[in-house]
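>
2 protein chains.
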Amino acid sequence: MTEQQAVLDMLEILECGGCVEPAHFFTLMRRTFRIAHLLYLEAEPYADELKVCRLHHTFGAYAAEIYRARALHRIDPILKLALGGVRPVEWTMARHRFPECEPLFEAAQEIGLSTEGVALPLPSPAGRMALLAINVNMPADEWSTYRRHHLRDFQLAANLFHAAMLEHGAMAGALSVRDMRLTSRETEVLTWAAAGKSYWEIATILGISERTVRFFMTNTRRKLNVVSNTQAVAQAVRHALIPTV
Amino acid sequence: MTEQQAVLDMLEILECGGCVEPAHFFTLMRRTFRIAHLLYLEAEPYADELKVCRLHHTFGAYAAEIYRARALHRIDPILKLALGGVRPVEWTMARHRFPECEPLFEAAQEIGLSTEGVALPLPSPAGRMALLAINVNMPADEWSTYRRHHLRDFQLAANLFHAAMLEHGAMAGALSVRDMRLTSRETEVLTWAAAGKSYWEIATILGISERTVRFFMTNTRRKLNVVSNTQAVAQAVRHALIPTV
DNA sequence: TTTTGAACTGTCACTACCGACAGTTACGTG
DNA sequence: CACGTAACTGTCGGTAGTGACAGTTCAAAA
Chain A
1 MTEQQAVLDM LEILECGGCV EPAHFFTLMR RTFRIAHLLY LEAEPYADEL KVCRLHHTFG
61 AYAAEIYRAR ALHRIDPILK LALGGVRPVE WTMARHRFPE CEPLFEAAQE IGLSTEGVAL
121 PLPSPAGRMA LLAINVNMPA DEWSTYRRHH LRDFQLAANL FHAAMLEHGA MAGALSVRDM
181 RLTSRETEVL TWAAAGKSYW EIATILGISE RTVRFFMTNT RRKLNVVSNT QAVAQAVRHA
241 LIPTV
Chain B
246 MTEQQAVLDM LEILECGGCV EPAHFFTLMR RTFRIAHLLY LEAEPYADEL KVCRLHHTFG
306 AYAAEIYRAR ALHRIDPILK LALGGVRPVE WTMARHRFPE CEPLFEAAQE IGLSTEGVAL
366 PLPSPAGRMA LLAINVNMPA DEWSTYRRHH LRDFQLAANL FHAAMLEHGA MAGALSVRDM
426 RLTSRETEVL TWAAAGKSYW EIATILGISE RTVRFFMTNT RRKLNVVSNT QAVAQAVRHA
486 LIPTV
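In order, the protein sequence lines correspond to chains A and B. To convert, note that position 7 of the first sequence is 7 in the numbering used here; the numbers rise steadily by one, no gaps. Here the numbering used here runs 245 ahead of the position in the second sequence, where the first position is 1.
#1: Pull the bridge partners of residue 43 of chain A from the DSSP assignment, please.
#2: Suppose contacts are defined by Cβ-Cβ distances below 8 Å. Is residue 118 of chain A in contact with residue 89 of chain A by that definition?
#3: Identify every residue that forms a DSSP beta bridge with residue 320 of chain B.
#4: In whole angstroms, give me the CA-to-CA distance for residue 491 of chain B and residue 79 of chain A.
#5: Kindly give me the distance between the Cβ atoms of residue 243 of chain A and residue 191 of chain A, rounded to whole angstroms, as I take these residues to be in contact under 8 Å.
#6: So, is residue 16 of chain A buried or exposed, given that buried needs 16 or more other C-beta atoms within 10 angstroms?
#7: Kindly identify the DSSP beta-bridge partner or partners of residue 208 of chain A.
#8: Between residue 99 of chain A and chain B, is there a C-beta pair that is closer than 8 Å?
#9: Please report the straight-line C-alpha distance between residue 479 of chain B and residue 296 of chain B, rounded to a whole angstrom.
#10: Report all residues from its chain with a CB closer than 7 Å to the CB of residue 353 of chain B; omit the five preceding and five following residues, and keep chain order.
#11: Is residue 375 of chain B closer than 8 Å to residue 286 of chain B when the C-beta atoms are compared?
#12: Residues of the stretch 304 to 329 of chain B in Cβ contact with chain A at a cutoff of 9 Å, in chain order, please.
#13: Just tell me which of B/349, B/342, B/345, B/279 has its CA closest to the CA of residue 309 of chain B.
#14: Taking 6 Å as the limit between beta carbons, can you name the residues of its chain near residue 55 of chain A, skipping five residues before and five after?
#15: Determine contact between the stretch 27 to 34 of chain A and the stretch 144 to 161 of chain A, defined as no fewer than three beta-carbon pairs at a distance below 8 Å.
#16: Closer than 7 Å by C-beta to residue 111 of chain A: which residues in its own chain qualify, once you throw out the five before and the five after it? Chain order, please.
#17: Below 7 Å between beta carbons is the criterion; list the residues of the stretch 435 to 467 of chain B that meet it against any residue of chain A, in chain order.
#18: Using a cut-off of 8 Å between C-beta atoms, extract the partners of residue 394 of chain B located in chain A.
#19: I'd like to know whether the C-beta of residue 31 of chain A is nearer than 8 Å to at least one C-beta of chain B.
#20: Under the assumption that residue 249 of chain A contacts residue 289 of chain B (Cβ atoms under 8 Å), give the Cβ distance between them as a whole number of angstroms.
#21: Measuring only the C-alpha atoms, how far is residue 304 of chain B from residue 358 of chain B?
#22: List the residues of chain A that residue 483 of chain B touches, going by C-beta distances under 7 Å, in chain order.
#23: Does the beta carbon of residue 289 of chain B sit closer than 8 Å to a beta carbon anywhere in chain A?
#24: In chain A, which residues lie with their C-beta within 7 Å of the C-beta of residue 279 of chain B?
#25: Tell me the DSSP secondary structure of residue 267 of chain B in three-state form.
#26: Note down, in chain order, every chain A residue with its Cβ under 9 Å from the Cβ of residue 332 of chain B.
#27: What in chain A is Cβ-close to residue 400 of chain B, meaning under 8 Å?
#28: Give the interface partners of residue 145 of chain A over in chain B, defined as CB-CB distance under 7 Å, in chain order.
#29: Going by DSSP, what residue range makes up the beta strand (DSSP E) through residue 290 of chain A?
#30: Taking residue 12 of chain A as the reference, give the member of B/342, B/394, B/315 with the closest Cα.
#31: Going by DSSP, what residue range makes up the alpha helix (DSSP H) through residue 229 of chain A?
#32: For residue 7 of chain A, name the three-state secondary structure that DSSP assigns.
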């Protein structure tokens, strides 16, 4: 019951936003749970690869160097499963389902790291994805029981920490979206443009003149501070100014 | 300890993907926890309003009719906070922070509904947002304790259910994304187009001829099955085929 | 009542885009 | 070796997008 209490206390701290430093969060997690290591990764897809936005972990510089030098990110099934899905990913399950990733787990054992753990996918706005990987150092059957009892704690903690990271990082980009207020007509026209309609088609659809459609698009380009309809649509989709049709 | 066990069993059912029907999930939740009502909403922003993609709840047709007739969605702070944020939203907290939403809670009391509860934001891919609202029927102090113990359960259950909903809903659109594989050059060209560059500019940037840029864009349009560069960029941003610049 | 903002329209000249024609070069796989 | 795929290039003719000119109408806010 003491452990139970410690867990609840920790979650309360997180919910009150009292933990925005990754190092602080990792320390808190390792003190509260029987966790060996933690890794937080935020990335966005880029042409079959990944563009890493944020990366924090407790595996140490040596492990990171090994991982990078051997290009283990190319075979890491946990990255693919967690960043591409929405459910918790069990490390051993991933290991069995993807035999080609053995070098990854061999490398882990080589430097004395456990191969038991779970990775929690954390969807972010704007198509980005993040994950919190939790590495534990205990026998498989013990981990099975421990996981069953604490996955909910891991999930809530991960969500709250991820929220804190998002709130912190979003401050920079938030200002530029301020004057991105489009009128209803501008939004309509832009939406149809994103659907591949020409000015003439949009004019016909909305029952207005082609010139007026161009007028709205010009205003939209000016407001979004862009030089082409194409760029305007890219901005609009990214900032969710137009609906998914 | 019996309740504890029931909770863990329920979470296990959810994790194994054994619950994709909203009605089934709601029943399970109400049987496991002391929950009065549940609401699951998936929506995307649309010009200061919301476009509802999925909506399931247990409040009944009468409550829904009241909500719609009085246009309570316009003042509902829980919608705004949960769909716009990433942290759990406490109903009473929202009520105190937004005095203009009193009609909402008055309407709830009028038809005999409790005003205690919590809403869990559930970020989805592609800029969409979802929430699971949990409504309980207990005194404030009791709810405070209950919430403290079970928020983690709610969060994990919500995440797993949301995952099931996404996996189920994505089946339809998943096929079309299959052949959306762009080559590295196509991605590069499309990325610059999304940045508002003309063919001539992209050609200069990449050090190739303007004709070649057009060639890649034509291939891209064909692969994405669209009719203009503008539409191609909209698709690409939505499916995260190009990075956020 | 004046002012502001949104919605709306017309013409001109220029540039950008787009489809269809017809190719070359290089690399890896069966 | 043949085959497929990716990267690359040229020309022609038509359509679409873009900026700058100069307006009207209506409703709500100051």
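Beta carbons: idealized from backbone N, C-alpha and C, even for Gly.
With the given structure in hand:
#1: A/52, A/129
#2: yes
#3: In the DSSP output, where bridge partners are listed per residue, residue 320 of chain B has none listed.
#4: For residue 491 of chain B there is no data in the structure shown, the boundaries of chain B being 246 and 490.
#5: 7 Å
#6: exposed
#7: None, per the DSSP bridge assignment.
#8: no
#9: 18 Å
#10: 360.
#11: yes
#12: Contact residues of the stretch 304 to 329 of chain B toward chain A are absent (C-beta to C-beta distance below 9 Å).
#13: B/349
#14: 41
#15: yes
#16: 62, 63, 66
#17: Flagged, chain order: 438, 439, 440, 441.
#18: 8
#19: Chain B contact via Cβ: absent.
#20: The first residue shown for chain A is 1 and the last is 245, placing residue 249 of chain A beyond what the model contains.
#21: Rounded to whole angstroms, residue 304 of chain B to residue 358 of chain B spans 9 Å at the Cα level.
#22: 237, 244
#23: yes
#24: Near residue 279 of chain B there are no residues of chain A at all, since even the closest Cβ is about 17 Å away, more than 7 Å.
#25: helix
#26: 15, 17, 159, 160, 163, 164, 167
#27: 152, 155, 156, 159
#28: Those do not exist, as residue 145 of chain A stays about 10 Å from chain B at its closest Cβ, beyond 7 Å.
#29: As shown, chain A starts at 1 and ends at 245. That puts residue 290 of chain A outside it, with no answer to give.
#30: B/394
#31: Annotation for residue 229 of chain A: the continuous alpha helix (DSSP H) segment containing it runs 229 to 238.
#32: helix
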